[in-house]
Amino acid sequence: MPPTITINHVTRIEGHARIDIHLNDLGKVASTQFHVTQFRGFEKFTEGRPYYEMPAITARICGICPVSHLLASVKACDAIMAVQIPEPAALLRELLHCAQFVQSHALSFFHLSAPDLLLGFDSDPALRNIVGLIEKHPEAARDGIALRKFGQQAIERMAGERIHPSWTVPGGVNKPLSADARDHILTGLPIAKSIIRRTLKNFKAMLDDFPAESAAFGNMPTAYAGLSGLDGEFKIYDGALRFIDNTAKPLATVARPLDYSKYIGEATMPDSYLKAPYFKPLGYPEGIYRVGPLGRLNVAARMGTPEADGELEEYRQRLGRIVQSSFFYHYARLIEALYGVERMEELLSEPLITDTHIRADAGVNANQGVGIIEAPRGVLIHHYKVDDNGSITWANLIVATGHNNLALNHSIRQVAEQFVDGAQLKEGAVNRVSAVVRAYDPCLSCSTHAYGGPAVNLRLWSPQGELVDSWPRPE
Amino acid sequence: MPQKISLRIDGELIHTAAGQSILDAAKAHNKFIPALCHMKGLSSVGACRLCIVEVAGVGRLLPACTTPVQDGMSVTTQSDKLRRYRRIALELLFAERNHVCAVCVSNGFCELQGLAKRLGVTNVRYPYTYPKVPIDLTHPRYTADQNRCILCSRCVRVCAEVEGAHVWEISGRGVGSRLVCELNRSWGESTNCTSCGKCVQSCPTGAIAEKGFAVEEMSKRTDPISRLATLRAAGSDNKPGVIL
Ligand code: SF4
Ligand code: SF4
Ligand code: FES
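Chains as they are written, first to last, in the working numbering: chain A, 6 to 480; chain B, 19 to 262.
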């Protein structure tokens, strides 16, 4: 019987996952499967709650980027109230979002992925982590910690003394930004910027060291999706959701958030809690698309801030107009972090940023609302339906890791084919399989919030079609 | 002129008027007795059992809010036994409904949460019951979420005794008790409710709240209601020039 190799607990990602690799009789990879084994159920247990509690409830989905859920959720609530929020509130929300991008990207790059990149994929696994990084590359480790702290402190400054989940509320935000807080955040900007500049420079110098990884880490044509502005400029808080194909040809623009479901279908995978969204006009599974840093940069015509624009140009000179290897998520992430810091500077210089018109008041004026934003990991969609009293009757959340689910599966297969050989797993191969998952920076606790899908259902088949094992095991 | 009596509270000799409750007498002498269902100006019902005290010569614990002071009484308000029982009472309140403070509109302002903190309740030793209870969002301005209700009946009393509308009642028994609006209608269908908001302000938890108040925004004020009720009791209602 051909063996199945199971890599349990992909480390250094947020959440839990399992990957099965099926070998054929020749000991080569026949197929792979990526399973998400966590289960949360937010869509179910929010039924009956008042819609305006959704931001705080859904922010609990994720401890890493609660701000993304808050923002998608308040946007969905704004839509239910049918209000246009005051401009200062929109600026403040975007500022908060940028700060969270910076801190989240810092975490992904320095804490989770830099150990592979700086210490090597084949280095001693016991040291291939942030601790090993501190030892070997103390400057990089310090930079990572400092950058994350900058983002986090900015969030705290904005939202008050401590992390205040309800600062962003339906209709706006609930406290204006003080001039003091603004000035304080501004003083931290130059250091944050120089950290990102330095990191980008170092990363670019290393690019040629990973030919095999960049060739095989999910290097495949797919469509891409991301938000962008009227002129195609990069956007993370608002903008329209656009799909492009692998030649940068526009496929669709979702003009009204509510129309998302015309373009995005959701397939349920029999062996994972994670649904697999696909671009509907192309069908399943041809409608595979990628979101997140790679997808966003592919979709955007330009960044819209000076330094990030320069970096985007160079990125495209090096890798082409469409960058298709998921290995370059890291590169794209750094450019986005730079954008985040630059954009924060712009927003903080807006005279309206300390204005006190920050909240629109209204009741239920629409029975459903959709909020779409770019979470650090990619497009995040919250869709709620309410009755006339504002009681949630239905909710659907599509998270970044979900959008990437198909691509993630393809990438795992590609990496496994390249690096796994024979029935014996080598540590370096295991790590590369895990690393391609990390390249997407998947947030698995977010992505399995759905309830009522299939239970964990694992089945092993031999090439002869016999059921070798199954889970849950029959009593 | 009410009769003067003397008693000891935690050993201290206190002279006070007869007819007062132990809770009021203790409060007047700056002694802290935890209380949840009690609200100044409303009748006392002894529902929450947090104000229990020991009275010398009485074999059981007595609720301070409904027990009148008596001449020669000796009351103990703090002891290991009392602390233990009060803790149990609080833990049972948490276990009985779905209190998820982190996403509650009253997080940070809640009397139940505040007392739990003050009395050192860091965990609940009883299994949660996770009941499925109604959330009524039908009122145009207010919400009643029984996930957070502790059945203190402050809303029932303030509505009946101060507003005179008597919208609320408690139906059922024991753990099956539920807050009901009039004859079990939705709040939005109530014909008596004047939308005065007194029950909102009186509810010690996030159970009754104002619509649109997001998580951690629903703070409450009971003193204006207590003052109004006290003035009424003193017969000064509607007197011109009385500033409430
Ligand atoms: S009512 Fe009080 S104790 Fe209950 S969830 Fe809300 S804050 Fe917590
Ligand atoms: S709704 Fe509030 S005031 Fe009324 S019984 Fe419940 S906890 Fe007490
Ligand atoms: S305050 Fe006395 S029983 Fe509740």
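Glycine is no exception: its CB is placed at the ideal position from the N, C-alpha and C atoms. The model shown is predicted, which means the values in this text are computed figures rather than measured ones.
Chain-ordered chain A contacts of residue i [CB-CB under 7 Å]
| i | result |
| --- | --- |
| B:L155 | P55, N394, G395, S396 |
| B:T223 | In chain order: nothing, as chain A lies at least about 15 Å away. |
Classification of residue i by the beta-carbon crowding that lies within 10 angstroms, buried from 16 upward
| i | result |
| --- | --- |
| A:V259 | buried |
| A:L472 | The predicted model places A:L472 with a pLDDT of 45, which falls under 50 and marks its position as unreliable, so this point remains unresolved. |
| B:P242 | exposed |
| B:D42 | buried |
| A:Y229 | buried |
| A:N534 | Absent from the structure is residue 534 of chain A, since the part of chain A shown begins at 6 and ends at 480. |
| B:K22 | exposed |
| B:K238 | buried |
| A:C451 | Any reading at A:C451 must be qualified, since the residue scores a pLDDT of 44, below 50, and its modelled position is unreliable; no value is offered. |
| B:N165 | buried |
| A:Q89 | exposed |
| B:F50 | exposed |
| B:H47 | exposed |
| A:L182 | buried |
| B:G253 | exposed |
| A:H189 | exposed |
| A:R153 | buried |
| B:L197 | buried |
| A:D148 | buried |
beta-carbon residue i near ligand 1 non-hydrogen atom, thresh 7 Å
| i | result |
| --- | --- |
| B:G138 | no |
| B:S237 | no |
| B:Q267 | No answer is possible for residue 267 of chain B: the residues shown for chain B start at 19 and end at 262. |
| B:H117 | yes |
| B:S124 | yes |
Cross-strand partners of residue i (DSSP beta bridge)
| i | result |
| --- | --- |
| A:P384 | It is Val, not Pro, that sits at residue 384 of chain A in the sequence shown. Its beta-bridge partners are A:E379. |
| A:F248 | A:A230, A:A257 |
| A:K390 | A:Q373, A:W399 |
| B:H157 | Per DSSP, none; premise fails for B:H157. |
| A:Q38 | A:D25 |
| A:W172 | A:W172 pairs with nothing; no bridge assigned. |
| A:N224 | A:S330 |
| A:G177 | A:V174, A:R364 |
| B:D163 | B:I153 |
| A:V79 | A:V79 pairs with nothing; no bridge assigned. |
Contact test: residue i Cβ vs ligand 3 heavy atom, cutoff 7 Å
| i | result |
| --- | --- |
| B:A225 | no |
| B:H47 | no |
| B:G59 | no |
| B:P81 | yes |
| B:L54 | yes |
| B:G64 | yes |
Closer than 7 Å: residue i CB and nearest ligand 2 heavy atom
| i | result |
| --- | --- |
| B:I243 | no |
| B:L68 | no |
| B:L197 | yes |
| B:S171 | yes |
| B:C167 | yes |
| B:C221 | yes |
| B:L162 | The displayed chain sequence assigns Ala, not Leu, to residue 162 of chain B. The answer is yes for B:A162. |
Interface partners of residue i on chain B, CB under 7 Å
| i | result |
| --- | --- |
| A:A342 | None at all; the shortest Cβ gap to chain B is about 29 Å. |
| A:S73 | Going along chain B, no residue has its Cβ under 7 Å from A:S73, so there is no contact; the nearest lies around 17 Å. |
| A:I62 | V121 |
Chain B residues whose Cβ lies nearer than 8 Å to that of residue i
| i | result |
| --- | --- |
| A:E58 | V121, V123, A232, V233 |
| A:N179 | A232, E235 |
| A:P298 | Simply none; closest approach about 30 Å. |
| A:S78 | Neighbours of A:S78 on chain B: none; closest Cβ ~11 Å, over 8 Å. |
| A:P175 | G230, A232 |
| A:R65 | A120, V121 |
Chain-ordered neighbours of residue i on chain B, where CB pairs are closer than 9 Å
| i | result |
| --- | --- |
| A:D83 | Those within 9 Å of A:D83 in chain B number zero; the least Cβ separation is about 13 Å. |
Neighbour list for residue i in chain A, Cβ cutoff strictly below 8 Å
| i | result |
| --- | --- |
| B:T161 | P55 |
Does the region 147–166 of chain B touch the region 198–212 of chain B, meaning 3 or more C-beta pairs lie closer than 8 Å?
The answer is yes - the region 147–166 of chain B touches the region 198–212 of chain B, with three or more Cβ pairs under 8 Å.
Sufficient close CB pairs (3 or more, under 8 Å) joining the region 105–117 of chain A to the region 151–165 of chain A
The region 105–117 of chain A makes contact with the region 151–165 of chain A, as at least three CB pairs between them are under 8 Å.
How do the region 45–58 of chain A and the region 310–330 of chain A stand: do at least 3 beta-carbon pairs fall below 8 Å, yes or no?
Under the three-pair Cβ rule at 8 Å, the region 45–58 of chain A does not count as touching the region 310–330 of chain A.
Using 8 Å as the cut-off, can you tell me whether the region 119–134 of chain A makes contact with the region 85–96 of chain A, which would need three or more C-beta pairs spanning the two stretches below that distance?
Verdict: no, contact absent.
Inter-stretch contact (C-beta, 8 Å, three-pair minimum) for the region 116–124 of chain B and the region 65–72 of chain B:
By the criterion of at least three beta-carbon pairs nearer than 8 Å, the region 116–124 of chain B is not in contact with the region 65–72 of chain B.
With three or more C-beta pairs closer than 8 Å as the rule, is the region 192–200 of chain A touching the region 333–340 of chain A?
When Cβ pairs closer than 8 Å are counted between the two stretches, the region 333–340 of chain A is seen not to touch the region 192–200 of chain A, the count staying below three.
Stretch pair the region 338–358 of chain A + the region 74–82 of chain A: three plus CB contacts closer than 8 Å:
Cβ pair count under 8 Å is below three, so no.
With a cut-off of 8 Å, do at least 3 Cβ pairs link the region 288–297 of chain A to the region 397–411 of chain A?
Proximity of the region 288–297 of chain A to the region 397–411 of chain A meets the contact definition, three or more beta-carbon pairs being nearer than 8 Å.
Given 8 Å as the limit, is there contact between the region 220–238 of chain B and the region 121–133 of chain B, that is, 3 or more CB pairs closer than that?
Segment contact: the region 220–238 of chain B against the region 121–133 of chain B, three or more CB-CB distances shorter than 8 Å; contact assigned.
Under 8 Å, with one C-beta from each stretch per pair, do the region 49–61 of chain A and the region 81–88 of chain A reach the 3-pair mark?
The region 49–61 of chain A is in contact with the region 81–88 of chain A.
Determine contact between the region 303–321 of chain A and the region 393–400 of chain A, defined as no fewer than three beta-carbon pairs at a distance below 8 Å.
No: the two stretches stay apart, fewer than three of their Cβ pairs being nearer than 8 Å.
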